Structure formats: structure tokens, C-alpha cells
Amino acid sequence: MRWLGGFFIFFSCLTLGFTYSNSKRSHLKSLADVCDALELIKGELSTNLSSLPEICEALDGRAKGSAADFLLKLRISFENLGTEDFSMLWTRAVESAFKDLSCEELKSVASLGNILGKFRLEDQLSALDGTTAYLKDTLNRAKLDYPNERKLSLGVSAAGAMLILLTLI
Numbered sequence: 547m548r549w550l551g552g553f554f555i556f557f558s559c560l561t562l563g564f565t566y567s568n569s570k571r572s573h574l575k576s577l578a579d580v581c582d583a584l585e586l587i588k589g590e591l592s593t594n595l596s597s598l599p600e601i602c603e604a605l606d607g608r609a610k611g612s613a614a615d616f617l618l619k620l621r622i623s624f625e626n627l628g629t630e631d632f633s634m635l636w637t638r639a640v641e642s643a644f645k646d647l648s649c650e651e652l653k654s655v656a657s658l659g660n661i662l663g664k665f666r667l668e669d670q671l672s673a674l675d676g677t678t679a680y681l682k683d684t685l686n687r688a689k690l691d692y693p694n695e696r697k698l699s700l701g702v703s704a705a706g707a708m709l710i711l712l713t714l715i
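Laid out in C-alpha cells, this is it:
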């Protein structure tokens, strides 16, 4: 019975390490998705000079992952555009679609809602470029750190499991 309990303790600790590692991987995926979405929006805005509802509709099938979810939520929320400000609709769509982003990353993407559709085209494209550059830099750093963080999380969880087992046995 002791061995069975020890196995469950060890398995639980390793599961915790894998869960942490998977959350980091999900963060990387969300960062890549939001960068793709912003680049798609920038491309449509600069080439077709379309309005944001038209852009969301045009990008419907081209975006993937959480970016597709974001564009869908934003497109659906355009029904409330007369009663609510665009920046609120944008922020709500960002927060609901990109849940794995950090607070600073969310603020960076959400701040675009105050610029898109309100300023000159050059200013909008510049804001999209700036936010995309910041997020790509964050993504590149996170990609470099991920292998070490994964090893560390699995190692610490296994060491914690061993310590618990040694204490209990």
C-alpha cells in the first residue's frame, strides 16, 4: 500500500511539472497567434484600406488558433458598435481570446483598440508595427527560455516528489 501511495505522490508531482510546461507552451502559441493576427490586420488595412468589420470578415478563414477565435469574437461584437465604444469591444475580444498572455502583453494588444479606426492610416500601421515588434521580441525570448524552463519544471517536480517520498518513507 505504501508503494502505491508513493507512486501516486510521484505521479502527481510530475503531472504538476508537465502542466507548468504545457502552460508555457500554450503561452508561446498564443503569442505566435496574436502576432499572426496583427500582421494579417496590418496587411488588409494597408492594401485594401478596408474598415475593421470588413477586415475581420476577410480574415475569417485565414487566421488560426486563438487568432481565429479573436477575429470571430470581434466580428460578432460589431453588432454592439453603436452602443459601445470600439476600444471596449476590442479589449473584450482580446481578453477572451488570448487568455494565456501576460498582463503586459494583453495591455499592449488592448491598447490598439484606442488607435485602430480613429487615427490616420500611417498612425494605425505604426501602432500595429510597434505592438507586433514588442510581441515578436517577447516571443523570441520566450522561445529561447522554454527548453530550460521545461527541464527545470520537470526536474524540480521530480525532486520535490523524491523529497516528499523520502520524508514519508
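Read the sequence shown against the working numbering and you will find it ends at 715, with the numbers running on by one and no gaps.
Ideal Cβ placement from N, Cα and C applies to all residues, glycine included.
Since the structure is predicted, the reported quantities are computational estimates derived from the model, not experimental observations.
Alpha-carbon spacing of residue i relative to residue j, whole angstroms
i, j, result
"SER654", "ARG687", "17 Å"
"THR684", "SER648", "11 Å"
"ILE715", "ASP646", "39 Å"
"SER569", "PHE553", "24 Å"
"SER657", "ARG548", "55 Å"
"PHE564", "GLY706", "14 Å"
"THR637", "ASP631", "10 Å"
"SER572", "GLU641", "15 Å"
"ASN594", "LEU574", "30 Å"
"SER703", "LEU709", "10 Å"
"LEU698", "LEU712", "21 Å"
"SER596", "LEU617", "15 Å"
"GLU650", "LEU562", "25 Å"
"ASP579", "LEU550", "42 Å"
"CYS661", "SER633", "Reading the sequence as shown, one finds Ile at residue 661 and not Cys. Straight-line Cα distance between these residues: approximately 8 Å."
"THR629", "GLY659", "16 Å"
Residue i vs residue j beta-carbon contact at 8 Å
i, j, result
"LEU671", "LEU591", "yes"
"LEU674", "LYS619", "no"
"SER612", "SER567", "no"
"ALA609", "ALA583", "yes"
"ASP606", "ALA643", "no"
"LEU598", "GLY701", "no"
"GLU585", "THR678", "yes"
Helix, strand or coil at residue i [DSSP, three-state]
i, result
"LEU595", "coil"
"GLY628", "coil"
"PHE665", "coil"
"ILE715", "coil"
"LYS575", "helix"
"GLY706", "helix"
"LYS645", "coil"
"ARG638", "helix"
"GLY607", "coil"
Range covered by the alpha helix (DSSP H) that runs through residue i
i, result
"ILE622", "612-623"
"LYS653", "649-656"
Measuring CB atoms only, is the stretch 661-674 touching the stretch 691-698, in the sense that at least three cross pairs come out at less than 8 Å?
The stretch 661-674 is not in contact with the stretch 691-698.
Three-pair Cβ contact test at 8 Å for the stretch 552-567 versus the stretch 624-639
At 8 Å Cβ cutoff, the stretches do not touch.
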